[in-house]
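If you want this note's numbering, it's the 1-based position in the sequence shown plus 42.
Even for Gly, the Cβ is constructed at its ideal location relative to N, Cα and C.
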Amino acid sequence: MRNGILVSFEGIDGCGKSTQARLFCAHLRREGRKVVLFREPGGTDAGHAIRRILLRSGFRLAPYTELLLYLASRAQLAAECVRPNLARGKVVVLDRYLDSTIAYQGWGRGLPLRLIRAVHRQILGDLVPDITFYIDEEPARLRGILSRKRKDRMERESLAFSRRVRQGYLALARRERRICVVRRSTIEATAAQILQRWQEFLNDR
43 MRNGILVSFE
53 GIDGCGKSTQ
63 ARLFCAHLRR
73 EGRKVVLFRE
83 PGGTDAGHAI
93 RRILLRSGFR
103 LAPYTELLLY
113 LASRAQLAAE
123 CVRPNLARGK
133 VVVLDRYLDS
143 TIAYQGWGRG
153 LPLRLIRAVH
163 RQILGDLVPD
173 ITFYIDEEPA
183 RLRGILSRKR
193 KDRMERESLA
203 FSRRVRQGYL
213 ALARRERRIC
223 VVRRSTIEAT
233 AAQILQRWQE
243 FLNDR
């Protein structure tokens, strides 16, 4: 039984979604809400092992291998962490979820979107976020941020790849009412946009 609220944060690499997810959780805790945050891939022992293969290793992964590894990590996270915490009435915040898979493996890698959705539905069922915050930015503007950090395998992808991923996210936002497009600005201004959309979501529940 799902009593809690499932929230996801999405965006291309370097957009600041992880920072915003942490700030969002801190705000909810100050309000007295019970909230947990998980990142993908990861969140479980199996997920962390898969994360090392996906992001830190020197493997050249085929697109379908990459897809199935992400889904394996997500299935384990859902079983161990997401569903139990939702059943306890908590707000579960995910740093990446289904939309990342559609944007990166679908639009970025060119895998069939119908297949991704069908396999995801078979594995995860109806576990879809109640609200998603997608932080939007032109990929070229994030190149400087990524150049100053040690990049993982996905962050080393080309600008053309990142632009395809962004187009995927924007297409999803047009299709899915649960996705709130948040224009990237300063950390404070972006956080304020997110909290405003969150309050609107709560008012409509």
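According to the neighbour-count rule (16 or more other Cβ atoms, all chains shown, within 10 Å of its Cβ), is Glu-82 buried or exposed?
-> Locating residue 82 in the sequence shown gives position 40, where the first residue counts as 1. Buried: at least 16 other Cβ atoms inside 10 Å.
Which two residues bound the contiguous alpha helix (DSSP H) that contains Glu-242?
-> Translated into positions along the sequence shown, residue 242 becomes position 200. From DSSP, the alpha helix (DSSP H) with Glu-242 extends over 229-246.
Own chain residues within Cβ distance below 7 Å of Ile-165, not counting five before or after | Taking the sequence shown and counting its residues from 1, one reaches residue 165 at position 123. Leaving aside the five residues that flank Ile-165 on each side, the residues in its chain whose CB is nearer than 7 Å to its CB run, in chain order, Leu-113 and Ala-117.
By DSSP, does Thr-107 sit in helix, in strand, or in coil?
-> By 1-based counting over the sequence shown, the position of residue 107 is 65. If DSSP states are grouped into helix, strand and coil, Thr-107 belongs with the helices.
Using the Cα positions of Leu-111 and Ala-213, report the straight-line distance between them to the nearest angstrom.
-> Within the sequence shown, numbered from 1, the residue matching residue 111 stands at position 69. Within the sequence shown, numbered from 1, the residue matching residue 213 stands at position 171. If you take the alpha carbons of Leu-111 and Ala-213, they lie about 24 Å apart.
CA nearest to the CA of Ala-145, picked from Gly-46, Gly-53 and Asp-246 = Here residue 145 refers to the residue found at position 103 of the sequence shown. Checking every option, the nearest Cα to that of Ala-145 belongs to Gly-53.
Who pairs with Arg-81 in a beta bridge, going by DSSP?
-> Residue numbering aside, residue 81 sits at position 39 when the sequence shown is read from its first letter. Beta-bridge pairing links Arg-81 to Asp-137.
Give the secondary structure of Leu-153 by DSSP, where H, G and I count as helix, E and B as strand, and everything else as coil.
-> In the sequence shown, residue 153 corresponds to position 111, counting from 1. Coil, per DSSP.
Does the stretch 61-74 come close enough to the stretch 145-159 to have 3 or more Cβ pairs within less than 8 Å?
-> no
By Cβ distance below 7 Å, which residues in the same chain neighbour Cys-123 in space, the five residues on each side in sequence not counted?
-> Taking the sequence shown and counting its residues from 1, the one referred to as residue 123 is at position 81. Contacts found: Phe-80, Gly-85 and Thr-86.
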